[in-house]
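Asker:
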Amino acid sequence: MAIDTEKMKALAAELRANHEAMKSWMPTHQLESSPASKGADAIDTLLDECALLRSRVNALSDLVDSLLAARRACASEFPPDAEGEPDEGRIHENIRKLKAALEAAAADKRDAEKIKRAAREVLNWTEAKHRPPKVEGVPTGEMALVRVHALVELHAALAQRQGEGS
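Going by full-length UniProt numbering, the first residue of the sequence shown is number 1, and it counts up by one from there.
1) Mark residue 183 as exposed unless 16 or more other C-beta atoms lie within 10 angstroms of its C-beta, in which case mark it buried.
2) Tell me the residue span of the alpha helix (DSSP H) that contains Pro86.
3) List the endpoints of the continuous alpha helix (DSSP H) containing Ile43.
4) Taking C-beta to C-beta, are Leu154 and Ala118 nearer than 8 Å?
5) Strictly by DSSP, which residues pair up with His79?
6) Assign Ile95 to one of three DSSP states: helix, strand, or coil.
7) Just to confirm my understanding: we take Asp87, look at its own chain, exclude 5 residues before and 5 after, and list those with CB closer than 8 Å. What are they?
8) Tell me whether Asp4 sits in a helix, a strand or coil according to DSSP, three-state version.
9) Our contact map puts Ala36 next to Asn18 with C-beta atoms below 8 Å; I'd like the distance itself, whole angstroms only.
10) Would you tell me roughly how many angstroms separate the C-alpha atoms of Glu103 and Asn58, rounded to the nearest one?
11) On a CA-only basis, which of Asn94, Leu11, Arg161 and Val152 is nearest Leu47? Give me that one, please.
12) In three-state DSSP terms, what is Met22?
13) With a CB to CB cut of under 6 Å and the five nearest residues on each side skipped, what residues in its chain are close to Arg16?
14) Quick one, which of Ser33, Arg71 and Ala101 has its alpha-carbon nearest Gly163's?
15) By how many angstroms is the C-alpha of Leu60 removed from the C-alpha of Leu68?
16) Which residue wins for smallest C-alpha separation from Thr45, given the options Ala70, Cys74, Lys9 and Ser33?
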């Protein structure tokens, strides 16, 4: 049942009119706040609170509508169920898959940085052939071979993961 605000406003106006009429035949010191004026003030306060609550309900309703629209948009990404509708029941599984894909992409980025660093080291090593043999940090002999093999393996693993992600 909805509150008829127009009737409430009319009632408040009628109470104020009664208060003004009473002032004409009673001394004013007794009518500073009559029950009629208190009732009119209470009605106005209630109407203001109702308007505030309505605005809050409307704002929440808009928020719910936007959340439902976002949910429908996300649901279109889910695989279809038996009836052909998006299978929203597996949302946690879908979130885990998306999280794993993000983590794999982050790992690929870290691995790409490792490959770049290793490539720079190998390039620096090849340039270091002309340096004296006891330079710190320059791999020689089998250490250089281990570095090159590690670089190749890291590159192959990265290429495989990128192939799986596409």
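All C-beta atoms, glycine included, are put in the ideal place defined by N, C-alpha and C.
On a predicted model such as this, the values are computed, not experimentally measured, just so you know.
Answerer: Concretely, from the data shown:
1) This structure leaves residue 183 out entirely; the chain is present only between 1 and 166.
2) From DSSP, Pro86 is part of no alpha helix (DSSP H); its letter is neither H nor E.
3) Pro35 to Ala75
4) yes
5) Looking at the sequence itself, residue 79 is Pro, so the reference to His does not match. Bridge partners of Pro79: none, in fact.
6) helix
7) Phe78, Pro79, Pro80 and Asp81
8) coil
9) 5 Å
10) 40 Å
11) Leu11
12) helix
13) Ala40
14) Ala101
15) 12 Å
16) Lys9
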